[in-house]
Every structure is written in C-alpha cells, then in structure tokens.
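Novice: Structure incoming, see below.
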Amino acid sequence: MKNKHFTTICSDMIVQYLDRGFFDRPPEWKYDKKNPQPPRSLLILDDCLGSPAILASSGLTRIATLNRHVAPLAENHGERSACGLAVIILSQTYKMQNGIGRVLRENLSLLTLFLNKQEKQMSCIKEELANVVDEKLFDQAYDYATKDKFGNLTIDFKPKCATKTFRKNLSEAIMFDSLPCQCNNK
Numbered sequence: 000m001k002n003k004h005f006t007t008i009c010s011d012m013i014v015q016y017l018d019r020g021f022f023d024r025p026p027e028w029k030y031d032k033k034n035p036q037p038p039r040s041l042l043i044l045d046d047c048l049g050s051p052a053i054l055a056s057s058g059l060t061r062i063a064t065l066n067r068h069v070a071p072l073a074e075n076h077g078e079r080s081a082c083g084l085a086v087i088i089l090s091q092t093y094k095m096q097n098g099i100g101r102v103l104r105e106n107l108s109l110l111t112l113f114l115n116k117q118e119k120q121m122s123c124i125k126e127e128l129a130n131v132v133d134e135k136l137f138d139q140a141y142d143y144a145t146k147d148k149f150g151n152l153t154i155d156f157k158p159k160c161a162t163k164t165f166r167k168n169l170s171e172a173i174m175f176d177s178l179p180c181q182c183n184n185k
C-alpha cells in the first residue's frame, strides 16, 4: 500500500542496518545440506478489515488464486513447483462489507475458528464450507474444539489424510468414523 508513513526509512534505521552488515552482500538462503529446500515466504495480515490490502481488487486476491505459480522454481522440489506465498489473515469477522472477500475465503488451505456466538457469522461459515466438509461433522468438531477457554478448531481443506481434516488447538486430531485413515497412521 502506498502510505507516506511506510515509504520512508529514517537515517537512524539505515545506520543500524549498515552496522549489522545488512547491506554487505545479498541475503543467502541457508539450505539444509542433506535435504535442501527452496525458500518459503509468509505474509501475516493482522487487523486489516476495511483495508485496501484485502479488497477484491488487491494483488492479494490474485496471489491467493495463483499461489502455486508465484516465483517458479528452476526444478520441482517434491510437489512444489514454485516458492509461492503463504498468507495468514487474522480477523475477528469472517464476512462483512469491505472484509475478507469470497475469493480469498474460497482459496483457504486452513481455517482456524475460535468460539463465535454470532449466529449469522456461523451460518455463513457453514454455508461456504458445505461443499468441502460435512456440516454435522463440522458442528461436532466445532463444539468439541471450542468448549474450553481459548479452544479453537482448525480445518484443513487439503489434508494428506482424512483423519487430519479437523484439529483442536492445532495439535489434537479430531477423529470421526466416517473419515477413515488413508495413510495407515494409528
């Protein structure tokens, strides 16, 4: 975004970067010698509702739909053919005017939800998730994951195994008989 407060760097900051050797050479990616991986980038947007950064006309929407093609790699690395850009959007509202656009919401890889007492928001979430996850399973997983203070439910829209679709507090898999294991994990 073009904002005069963020386009200039004061001379004190430049001196600090210079003292730390920031301009001595181009940045280097430290590859693991045994298992080299290409660089990964992450953009975190916090409290950005109503901001031009997340409007449908922003570049972020384009990145969300073309992520797998951003910064192509010279050679594929496993299933990766590009560096891409991972984006985390922290928001207290799922859907609102000038909020997170539908294109962004439909291109989620993961969604983490905390307890939400607004029926209208929950109804919207369920409606948009209906093509991807079973509503009854969602309700059960959501109730279970958010019953404790600060509890949350993470939904993985592209899990490597169906048993990893729902997680409580990011670390505990929520298992359902109707989502059998496809990777033979116990």
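Residue 70 in numbering that gives the first Met the number 0 sits at position 71 of the sequence shown, with consecutive numbering throughout. Where a beta carbon is used, it is the ideal one built from N, C-alpha and C, also for glycine.
Are the Cβ atoms of threonine 153 and leucine 169 separated by less than 8 Å?
Specialist: The residue given as residue 153 occupies position 154 in the sequence shown. The residue given as residue 169 occupies position 170 in the sequence shown. Yes; because the gap between Cβ atoms is below 8 Å, this pair is in contact.
Novice: Between leucine 17 and arginine 61, what straight-line distance do the alpha-carbon atoms span, to the nearest angstrom?
Specialist: Mapped onto the sequence shown, residue 17 falls at position 18. Mapped onto the sequence shown, residue 61 falls at position 62. Taking the straight line from one Cα to the other gives about 35 Å.
Novice: Per the DSSP calculation, glutamate 171 is bridged to which residue(s)?
Specialist: Numbered from 1 along the sequence shown, position 172 holds the residue referred to as residue 171. Bridge partners of glutamate 171: Lys167.
Novice: For isoleucine 154, which residues does DSSP report across the bridge?
Specialist: What you label residue 154 is simply residue 155 of the sequence shown in a count that begins at 1. Leu110 and Phe165.
Novice: Could you tell me the distance, in whole angstroms, from the CA atom of leucine 65 to the CA atom of threonine 111?
Specialist: Your numbering for residue 65 matches position 66 in the sequence shown. Your numbering for residue 111 matches position 112 in the sequence shown. Using only the alpha carbons, I get a separation of about 22 Å.
Novice: Which whole-angstrom value describes the C-beta separation of lysine 94 and glutamine 120, a residue pair presumed to lie in contact below a C-beta threshold of 8 Å?
Specialist: If you number the sequence shown from 1, residue 94 lands on position 95. If you number the sequence shown from 1, residue 120 lands on position 121. Their Cβ separation, rounded to whole angstroms, is 7 Å, which keeps lysine 94 and glutamine 120 in contact under 8 Å.
Novice: Look at leucine 41 and isoleucine 87 and say whether their C-beta atoms are less than 8 Å apart.
Specialist: Working through the sequence shown from its first residue, we reach residue 41 at position 42. Working through the sequence shown from its first residue, we reach residue 87 at position 88. Result yes, Cβ atoms of leucine 41 and isoleucine 87 sit closer than 8 Å.
Novice: What does the Cβ neighbour count give for alanine 59, buried or exposed, with the cut at 16 atoms within 10 Å?
Specialist: Residue mapping note: residue 59 aligns to position 60 of the sequence shown, counting from 1. Per the sequence presented here, residue 59 reads as leucine, with alanine not at that position. Result: buried.
Novice: Excluding the 5 residues preceding and the 5 following arginine 107 in the sequence, name in chain order all residues of the same chain whose CB lies nearer than 7 Å to its CB.
Specialist: Within the sequence shown, residue 107 is the residue found at index 108, counting from 1. Residue identity check: residue 107 is leucine in the sequence provided, not arginine. Hits under 7 Å: Phe156.
Novice: Looking at glutamate 134 and lysine 146, is the spacing between their C-beta atoms short of 8 Å?
Specialist: Stepping through the sequence shown from its first residue, residue 146 is reached at position 147. Stepping through the sequence shown from its first residue, residue 134 is reached at position 135. No.
Novice: For my contact list, arginine 79 and proline 51 are in at a C-beta cut-off of 8 Å; report their separation, rounded to the angstrom.
Specialist: Looking up residue 79 in the sequence shown gives position 80. Looking up residue 51 in the sequence shown gives position 52. Between proline 51 and arginine 79 the Cβ distance is about 30 Å, and since that is not below 8 Å, they are no contact.
Novice: Do you know offhand how far glutamine 96's Cα is from valine 14's?
Specialist: By one-based count along the sequence shown, residue 96 stands at place 97. By one-based count along the sequence shown, residue 14 stands at place 15. Rounded to whole angstroms, glutamine 96 to valine 14 spans 43 Å at the Cα level.
Novice: For alanine 70, which residues from the same chain have a beta carbon less than 6 Å from its beta carbon, with the 5 sequence-adjacent residues on both sides left out?
Specialist: Position 71 of the sequence shown, counting from 1, holds the residue named residue 70. Counting only Cβ-Cβ distances below 6 Å, and skipping sequence neighbours, we find Ala81 and Cys82.
Novice: Rounded to whole angstroms, what is the Cα-Cα separation between alanine 73 and arginine 39?
Specialist: For the purposes of this step, residue 73 is taken as the residue at position 74 of the sequence shown. For the purposes of this step, residue 39 is taken as the residue at position 40 of the sequence shown. For alanine 73 and arginine 39, the distance between alpha carbons rounds to 15 Å.
Novice: Among the candidates Phe113, Leu128 and Leu84, whose CA atom is the shortest distance from the CA of glutamate 214?
Specialist: No statement about residue 214 is possible, as the shown extent of the chain runs from 0 to 185 and does not include it.
Novice: Tell me the start and end of each unbroken beta strand (DSSP E) in the region 40-69 that is at least 3 residues and wholly inside, in chain order.
Specialist: Entirely contained in the region 40-69, the beta strand (DSSP E) runs reaching 3 residues are, in chain order, 41-45.
Novice: Using the Cα positions of glycine 20 and leucine 44, report the straight-line distance between them to the nearest angstrom.
Specialist: Residue mapping note: residue 20 aligns to position 21 of the sequence shown, counting from 1. Residue mapping note: residue 44 aligns to position 45 of the sequence shown, counting from 1. Going by the C-alpha atoms only, they are around 28 Å apart.
Novice: Within 8 Å of any Cβ in chain B, is that where the Cβ of phenylalanine 137 sits?
Specialist: Absent from the structure: chain B. Only one protein chain is present.
Novice: Of the residues Leu109, Phe175, Val102 and Cys182, which one's Cα is nearest the Cα of glutamine 139?
Specialist: On the sequence shown, residue 139 is found 140 positions in, with the first residue counted as 1. Measuring from the Cα of glutamine 139, the nearest candidate turns out to be Phe175.
Novice: Please name the residue or residues paired with arginine 79 in a DSSP beta bridge.
Specialist: Here residue 79 corresponds to residue number 80 of the sequence shown, with the count starting at 1. Note: arginine 79 sits in a beta bridge opposite His76.
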